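Taken in order, the sequence shown gives residues 1 to 78; the numbers are from UniProt numbering.
A virtual CB, placed ideally from N, CA and C, is assigned to each residue, including glycine.
Note that the structure is a prediction, hence the values are computed from the model and not measured.
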Amino acid sequence: MMPVKNKTIEDYVFGRCNAQQMEELLAWAKGANKRMHWLFALREAFLNMKYQHAFDDKIIVDIAEERLFKAIAEGQGT
1 MMPVKNKTIE DYVFGRCNAQ QMEELLAWAK GANKRMHWLF ALREAFLNMK
51 YQHAFDDKII VDIAEERLFK AIAEGQGT
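Right under this line is the structure:
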């Protein structure tokens, strides 16, 4: 499994991925359905929260980002 950069995950969640980043994500997620499921669930959760204006508060954004990247760094994916 090739590690994926946090920026690539962030760009995917925010809908800013380019073709190379999508290839990196595919290579990362290809080996485990759990990773693929987690990645899609993360984007879906963000989009749902985005439309509920949950990300208008910078403190909430900072906390959510910290939890996300901590989980990624620990390899939990949740």
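Excluding the five sequence neighbours on either side, which residues of its own chain have a C-beta within less than 7 angstroms of the C-beta of A29, listed in chain order? In the sequence shown, residue 29 corresponds to position 29, counting from 1. In its chain, beyond the 5 residues on either side, R35, M36, L39 have a beta carbon closer than 7 angstroms to the beta carbon of A29.
Within 10 angstroms of its Cβ, does E24 collect 16 or more other Cβ (buried), or is it exposed? Numbered from its first residue, the sequence shown carries residue 24 at position 24. A residue is called buried once 16 or more other Cβ atoms fall within 10 Å of its Cβ, and E24 is buried on that count.
Environment of F46 [buried if 16+ CB atoms lie within 10 Å]: One-based indexing of the sequence shown puts residue 46 at position 46. Buried: at least 16 other Cβ atoms inside 10 Å.
So, with DSSP's three-state summary, where would you put N6? Residue 6 sits at position 6 when you count from the first residue of the sequence shown. In this structure, N6 counts as helix in the three-state DSSP scheme.
Alpha-carbon to alpha-carbon, E10 and A19: Position 19 of the sequence shown, counting from 1, holds the residue named residue 19. Position 10 of the sequence shown, counting from 1, holds the residue named residue 10. Roughly 15 angstroms between the two C-alpha positions.
State yes or no: is the C-beta of L42 within less than 9 angstroms of the C-beta of L26? In the sequence shown, residue 42 corresponds to position 42, counting from 1. In the sequence shown, residue 26 corresponds to position 26, counting from 1. Not closer than 9 angstroms, so no.
Where does N33 fall in DSSP's three states? If you number the sequence shown from 1, residue 33 lands on position 33. Note: N33 maps to helix in three-state DSSP.
Can you grab the Cα-Cα spacing for the pair E66 / N33, in whole Å? Here residue 66 corresponds to residue number 66 of the sequence shown, with the count starting at 1. Here residue 33 corresponds to residue number 33 of the sequence shown, with the count starting at 1. Their Cα atoms are separated by approximately 24 angstroms.
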